[in-house]
Structure formats: structure tokens, C-alpha cells
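Report on the following structure.
In our numbering, the protein residues as written are -19 to 135.
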């Protein structure tokens, strides 16, 4: 089982609007575009769970043609959530062998660190693949995964 994590690309600052409505800025669009060719080598038709924030949706849109998702679920409860919210979904609702989660800090970094025992703060548009060997996501727990791929486009 492999879990793929992606923090959204660089977003614009809030212009008196709601944080959830922030769009990717020029750098973020370039980051997502540059990530596509790399991530294509590591993902093929995954199930995708994505926060419903505009910036996570735009990040996914930037790589969607490269990964050809088998399905996409936009999850309102993933917006700025903590790792426990994501873990609950993983433990109760995932049967996939390849799952990509597109989310936000600090929840996405905390999830990575919990599952791998690492101490990483994901930067914008940073991608990590965690391998759980023969474990299903419902069987994952603290430090049961190993980081096998980590990448961030340098734009």
C-alpha cells in the first residue's frame, strides 16, 4: 500500500476574502505545472482525496492530466484539518492500494511525521510517497510507513 501526500502549491495572499477562496499565484501555477511530469512516474490512476479549498483544487488541476485519477473526492473536512481528521478517514474509509491526498499544513505534515517517524514540514507543492509494504491503510499507525519518494519543484 502506498499513500501519496501533496501540499498545495503557492497561493496568493488573502484579499479581504475568505481563506478557503485563495487561488494559486503565478509561482504556484508554475509549481503545479512542473510537478506533473515528475509525479506521472509515481502515480497512475490513483484515488484522490482533496481539500475543497480553491488552492488545493487548483493544485490538483495542475497535475490531473499527468496522473489520470480513477476518482476524486473533494472533502470539506480536510480544509486546514489536523492529522486526526485524515487518519479517521484513512482508517475507516480507504480500501485503495494507491491514494493521493492533497491538503494543507499543518495537518498534512503532521500526518506524514506520525506515519513515518520523520520531522518534516512540507513546503508548498511538496510531494511525498509513503510505502506501508503489506499493510492496508486501515492497518497503518505511528511509524509504520517509510518515505520512498520526496520531491518539490524548484521554481
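Glycine included, each C-beta is placed from N, C-alpha and C at the ideal position.
A contact between stretches requires three or more CB pairs, one per stretch, nearer than 8 Å, and the stretch 15 to 23 fails this requirement with the stretch 61 to 71. As computed with DSSP, residue 130 is found in a beta bridge with 108. The residue among 71, 85 and 25 with its C-alpha nearest the C-alpha of residue 122 is 71. With respect to the 8 Å criterion, residue 82 and residue 27 are not classified as neighbours on the basis of their beta carbons. The beta strand (DSSP E) runs lying completely inside the stretch 52 to 92 and spanning 3 residues or more are 78 to 83, given in chain order. Rounded to the nearest whole angstrom, the C-alpha separation of residue 33 and residue 42 is 15 Å. Per DSSP, reduced to three states, the secondary structure at residue -18 is strand. Counting C-beta atoms within 10 angstroms of its own C-beta, residue -11 has 16 or more neighbours from the protein chains shown and is therefore classed as buried. Closest in C-alpha terms to residue 62, from the list 10, -17 and 92, comes 92.
As computed with DSSP, residue -9 is found in a beta bridge with 4. Cβ-Cβ distances below 8 Å link residue 87 to 58, 60, 61, 62, 63, 65 and 66 in the same chain, with the five nearest sequence neighbours on each side left out; the list follows chain order. Just measuring C-alpha positions, the residue of 6, 78, 50 and 39 sitting nearest residue 106 is 39. Per DSSP, reduced to three states, the secondary structure at residue 50 is coil, with no helix or strand assignment. As the crow flies, the alpha-carbon of residue 128 is around 21 Å from that of residue 12.
DSSP lists 55 as the bridge partner or partners of residue 31.
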